[in-house]
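Q: Input: one structure, supplied below.
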Amino acid sequence: MSIEKNNPATGNAPSSNFLRAIIEHDLAAGTHAREGMPPVITRFPPEPNGYLHVGHAKSICLNFGLARDYNGRCHLRFDDTNPEKEDQEYVDTIMDSVKWLGFTWEQGDGEYLHYASDYFDKLYEMAEYLIREGKAYVDSQTPEEMAKNRGNFSTPGTNSPFRNRPVEESLQLFRDMKAGKYKDGEHILRAKMSEDAMSSPNMTNRDPALYRIRHAHHHRTGDAWCIYPMYDYTHPISDALENITHSICTLEFQDHRPMYDWLVDTLADGGFFPRPVPRQYEMARLNLTYVVTSKRKLRELVDTGVVTGWDDPRMPTIVGLRRRGYTPGSIQR
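For reference, each letter of the sequence shown is one residue, going 62 to 394 in the numbering used here.
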């Protein structure tokens, strides 16, 4: 993406790529025209479980850059729904890296810094709604049974024996899960996107998990919760609550788009947020030859002492590139 500030509002010709084409079409059609709201709202939603690398820099430049170029705004939102792997240290370094790259979530009218954990109460409320509407149920299969019944790419899945559990029973079980009455893995909340969802060729549509039990301390909410929402449930709802117009992610989430659309449409019908709802668009992730960008593998290099830390100059992390001498402008280019 060009770092030139090509703003259609100033008459400059924008760079030619499919995301800009989508945004410009929506602007011309007034798709997201809402009183008092900017026409384009994007978000950068990292999980605070490690340091950002050069691949994240692409997403930062893209989301913050598009918002800047179209007189919009970009939110920084921490997807902190996995307490066992997250820490305040990672929150702090992510905020520092975004600022160092030359971007900000602050605007004249306020600060757009969010956490998925800010929405835990609302996420829970919406989950109860889905249960009452017959669109979610508590499954009591073991993880092994669930994996077996899910099928594979050539074999349809099999309905859980708990799929048609009475609504009131699922609702009470879910409330008992929240109250801490069960062990990790004993129950799970799953979506019921359609009656034949378990035979969908798209594996992610096969009654995806919405909530799991995790008796773990959260770096922001402490021990207030022992059930935590899944990413695929949390992310679209967070987008809708924040009035995101264009939710940009990488191609591995393309198969997850039907669930994204189903969830925001279903909950909008339930009156939880207004239309138009956000839509997801996928772009190619950044791959560099002979460079490791897997956060899991980078963590292993740190934990085993192969490198001196996340900011080792040999690391493709933003802090590593910074220590090596790269400038924010060079990374943007």
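Where a beta carbon is used, it is the ideal one built from N, C-alpha and C, also for glycine.
Quick check on the burial criterion: 16 or more other C-beta atoms within 10 angstroms. Buried or exposed for Lys253?
A: It counts as buried.
Q: Determine the extent of the beta strand (DSSP E) in which Met238 is found, giving its start and end residues.
A: It is not in any beta strand (DSSP E) - Met238 instead sits in the alpha helix (DSSP H) that spans 228-239.
Q: Over what stretch of residues does the beta strand (DSSP E) that includes Thr311 continue unbroken?
A: 307-311
Q: For His278, which residues from the same chain have a beta carbon less than 8 Å from its beta carbon, with the 5 sequence-adjacent residues on both sides left out?
A: Pro144, Asp284
Q: Could you tell me which residues DSSP puts in a beta bridge with Ser168?
A: One point to set straight first is that residue 168 is Gln, not Ser, in the sequence displayed. According to DSSP, which records beta bridges pairwise, Gln168 is partnered with Gly171.
Q: Which class does Asp200 belong to by DSSP, given the choice of helix, strand or coil?
A: strand
Q: Who are Thr103's beta bridge partners in DSSP?
A: Answer by DSSP bridge pairing, in chain order: Cys135.
Q: Keeping to the same chain, check which residues put their C-beta closer than 6 Å to that of Glu313; ignore five residues upstream and five downstream.
A: none
Q: In chain order, what residues of the same chain have a beta carbon less than 8 Å from the beta carbon of Ala301, not counting five sequence neighbours either side?
A: Val325, Leu328, Ala329, Phe333, Phe334, Val338, Pro339
Q: Along the chain, where does the beta strand (DSSP E) that runs through Pro290 open and close?
A: 288-290
Q: Around the Cβ of Thr71, are there at least 16 other Cβ atoms within 10 angstroms (buried) or fewer (exposed)?
A: Because the pLDDT at Thr71 is just 42, under 50, the model does not fix this residue reliably, and the value given afterwards should be weighed accordingly. By the 10 Å Cβ count, Thr71 comes out exposed.
Q: From Met207 to Lys244, what distance separates their C-alpha atoms?
A: When rounded, the distance between both Cα atoms is 17 Å.
Q: Taking a contact to mean a Cβ-Cβ separation below 8 Å, would you say Leu137 touches Phe181 in this structure?
A: no
Q: Please state the DSSP three-state secondary structure of Ala48.
A: It is not possible to answer for residue 48, since the shown part of the chain is limited to 62 through 394.
Q: Closer than 7 Å by C-beta to Ala89: which residues in its own chain qualify, once you throw out the five before and the five after it? Chain order, please.
A: none
Q: Below 8 Å, can you find three or more Cβ-Cβ pairs linking the region 213-223 to the region 148-163?
A: Judged by Cβ distances under 8 Å, the region 213-223 makes no contact with the region 148-163, as fewer than three pairs qualify.
Q: Between Tyr321 and the rest of its own chain, which residues show a CB-CB distance below 6 Å, the 5 nearest in sequence each way excluded?
A: Pro297, Gln341
Q: For Gly331, which residues in the same chain have their Cβ closer than 8 Å to its Cβ, ignoring the five residues on either side in sequence?
A: Met187, Tyr190, Glu194
Q: Out of curiosity, what's the CA-to-CA distance linking Arg129 and Glu167?
A: 12 Å
Q: Determine the burial state of Thr295: buried for a count of at least 16 other Cβ atoms within 10 Å of its Cβ, exposed for fewer.
A: buried
Q: Out of Gly171, Gly126, Arg346, which has the shortest C-alpha to C-alpha gap to Met98?
A: Gly171
Q: Given this structure, state the Cα-to-Cα distance separating Tyr272 from Gln149, to the nearest angstrom.
A: 23 Å
Q: Between the region 247-261 and the region 109-128, can you find at least three pairs of beta-carbon atoms closer than 8 Å?
A: no
Q: Whole angstroms is fine: what's the gap from Asp87's alpha carbon to Pro100's?
A: 9 Å
Q: State the Cα-Cα distance for the pair Ile64 and Arg346, rounded to the nearest angstrom.
A: Note on Ile64: pLDDT 43, under 50, position unreliable in the model; the coordinate value appears next. Straight-line Cα distance between these residues: approximately 18 Å.
Q: If you count every other CB in all the chains shown that lies within 10 Å of the CB of Ala177, and 16 or more means buried, which is it?
A: buried
Q: Rounding to the nearest angstrom, what Cα-Cα distance links Arg211 and Met291 in this structure?
A: Their backbone Cα atoms lie some 18 Å apart in a straight line.
Q: Using a Cβ-Cβ cut-off of 6 Å (strictly less than) and excluding sequence neighbours within five positions of Ile305, which residues of its own chain qualify?
A: Ile102, Arg104, Pro339
Q: What does a CB cutoff of less than 6 Å around Ile249 pick up in its chain, not counting 5 residues either side in sequence?
A: Asp200, Ala270, Arg273
Q: On the CB-based measure, 16 or more other CB atoms within 10 Å of its CB, does Leu349 come out buried or exposed?
A: exposed
Q: Quick check: Asn124 and Ile309, are their CB atoms within less than 8 Å of each other?
A: Between Asn124 and Ile309, the C-beta gap is smaller than 8 Å, which places the two residues in contact.
Q: Among Tyr185, Leu162, Arg360, Asp268, which residue has its Cα nearest to the Cα of Lys196?
A: Comparing Cα-Cα distances from Lys196 to each of Tyr185, Leu162, Arg360, Asp268, the minimum goes to Asp268.
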